[in-house]
Amino acid sequence: MKILDTNAVNHILKRRLNLDDDYCVTDDIKEEAEIAESVIGTKLSSKVELASSSALFDRTLYLAHYKNMLNKHSGRSFYNMTGFGDISILALLKTVEETTKDQSQGRLFGTDEVLEVFTEDQSLIKKITLESSKTKVFKNANIK
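Every number in the working numbering is 31 more than the matching position in the sequence shown, counting from 1.
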């Protein structure tokens with residue numbers, strides 16, 4: 032699963048990139064992307080789907096992780112409505128890790144999903160490093 036942060040979405044929109052790979056965004060980031068689309072004047076590729084439409088997404092589990100991440104990490108503002116994209120990515124990572132772990136139990140070969148996040152946000156990268164040892168983080172220049 033290739034996950035885009037808000038700054039990765041902006042990178043794609045500003046450069047009008049034609050994507051080869053499939054990517055996903057959380058609902059929070061999709062809302063921010065819609066604002067960026069209107070400001071920049073271009074639409075996000077159809078190769079970018081909502082993570083919540085994935086078979087690996089469990090809304091109940093996601094909301095529990097979202098609540099936990101809200102309480103655990105600072106750097107967001109209810110007044111300015113900022114920082115929620117990071118929280119949603121962290122919750123998504125935990126959800127997919129837990130979902131794939133549950134699915135692979137009792138099988139000979141695991142079904143661990145490869146999790147990749149594309150971002151330039153150093154604060155988010157630190158949080159991902161703390162929360163998810165299985166997630167690979169890439170700079171926006173690696174988006175294809």
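All residues carry an ideal CB built from backbone N, CA and C; glycine is no exception.
For the pair of segments examined, the region 89–102 was found not to touch the region 61–80: the number of CB pairs separated by less than 8 Å stays below three. DSSP, read as helix, strand or coil, puts V40 in helix. In this chain, the alpha helix (DSSP H) harbouring K98 covers 90–103. Going by beta carbons, T130 and D36 fall outside the 8 Å limit. Distance from the CA atom of F88 to the CA atom of A82, rounded to whole angstroms, is 7 Å.
A check of alpha carbon separations from K170 across D152, K157, M32 identifies D152 as the nearest. DSSP places K61 in the helix class (H, G or I) of the three-state scheme. Selection K158, L75, K74 evaluated against K103 yields K158 as nearest (Cα-Cα). For K158, the uninterrupted alpha helix (DSSP H) run begins and ends at 153–162, by DSSP.
When secondary structure is reduced to three states using DSSP, L81 falls in the strand class.
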